[in-house]
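These notes concern the structure reproduced below.
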Amino acid sequence: MRKDIKVGCQTFTWEMLGNAWTGTADDLLSAISAGGYSGIEITDTMIGRYAADPHAFANALRDRGLTLVSFAFGSKSGFTVADAMRDDLATAKRWIDYAAHFPGALVSIGSATVVSEGPRDEKFAIAGEFYNRAGELGKVADVEVAVHPSSHHNTLLFDRADYDRIFALLDPSLVGWVPDTGHILRGHADMLDTMRTYQDRIRYLHLKDVDAQGRWAMLGKGVLDTPAVIELVSAAPHFNGWLVLEEESETAAADPAAAVKANRQTMRGYGA
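Position 184 of the sequence shown, counting from 1, maps to 186 under our numbering, and the rest follow consecutively.
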């Protein structure tokens, strides 16, 4: 295992609670710092009062010993509606410019999703164009942009054939990849083969576990071969060293802070 592996936490563990979560961005930072993490991936939904003030957010991170690994965002368009392209690119630029205030931080763009009728071919073409154009914006700002496919409802990027299709459309010099082990396990016959095939596109990793039925599980409690995944990504030429843990299990829904702290302890058992 590489000696420079770093462990971050994704804020979706709280975001998935919807209206049941009434805390603030500061509460997230404090819980993640107390959980033993050194980095955070936050979303446009959870950034809260810091959305218009990257300098204040940088101070809040510094006070808690955290680094911004990545800023993640999605869109109601699913990035598959041509008429929404202009607005989606404006949103991409907004968050790319925001991330530019944090050295090394990436922008992670959510999975293309089917939100309207129409041929899948057209939706892939629209998504591919959007990701590439967002990648161009990132290049201008010196911020790396990466795509994060998911297995959630109506995703366009579910199985290996979908990954092959979208990656064939993406310029690897403009758009990287954030593999999510949980989502890949739910949609692919061979997760490690998918990751090896597109290893050169990996920028950082989302670690998430599932059980044999594809239900979210606490890290180390499911079928994920975590050591094999870490070994694979560590050899990826553009991997930046960050493993970002994202927990969506029922255990996390009951007590997010305790769940992410437990996952951090599990990672120590893997030497990270």
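Glycine is no exception: its CB is placed at the ideal position from the N, C-alpha and C atoms.
These numbers come from a predicted model, not from an experiment.
#### Entry: Endpoints, the alpha helix (DSSP H) within which E17 is located
DSSP places E17 inside the alpha helix (DSSP H), whose first and last residues are 14 to 17.
### Task
On the DSSP bridge assignment, give the partners of D182 in chain order.
H208
### Query
Out of curiosity, what's the CA-to-CA distance linking P174 and V147?
The straight-line gap separating the alpha-carbon atoms of P174 and V147 is approximately 10 Å.
### Task
Tell me, please, whether the segment 215 to 233 touches the segment 43 to 52 by the rule of three or more beta-carbon pairs shorter than 8 Å.
no
### Task
Determine the contact status of W97 and P258, defining contact as a CB-CB distance below 8 Å.
no
### Query
Where in the segment 35 to 80 do unbroken runs of the alpha helix (DSSP H), each at least 4 residues long, occur, reported from the N-terminal end onward?
Counting only runs of 4 or more, we get 56 to 65.
### Task
For the alpha helix (DSSP H) holding W97, just list the boundary residues, first then last.
For W97, the enclosing alpha helix (DSSP H) starts and ends at 87 to 101.
### Task
Identify which residue in D99, A143, L159 has its Cα closest to the Cα of V149.
L159
### Query
Counting along the chain, where does the alpha helix (DSSP H) carrying V142 start and finish?
It spans 122 to 143 - the alpha helix (DSSP H) in which V142 sits, taken as one unbroken run.
#### Entry: Limits of the unbroken beta strand (DSSP E) element including L245
244 to 247
### Query
So is Q12 buried or exposed if we call it buried at 16+ other beta carbons inside 10 Å?
buried
### Task
Return the chain-ordered list of same chain residues with a C-beta closer than 7 Å to the C-beta of V116, the five sequence neighbours on each side being excluded.
Only G80, T82, K125, N156, L158 meet the Cβ criterion.
### Message
Quick check on the DSSP output: the beta strand (DSSP E) that includes A148 runs from which residue to which?
### Response
147 to 149
### Query
In three-state DSSP terms, what is K223?
Coil.
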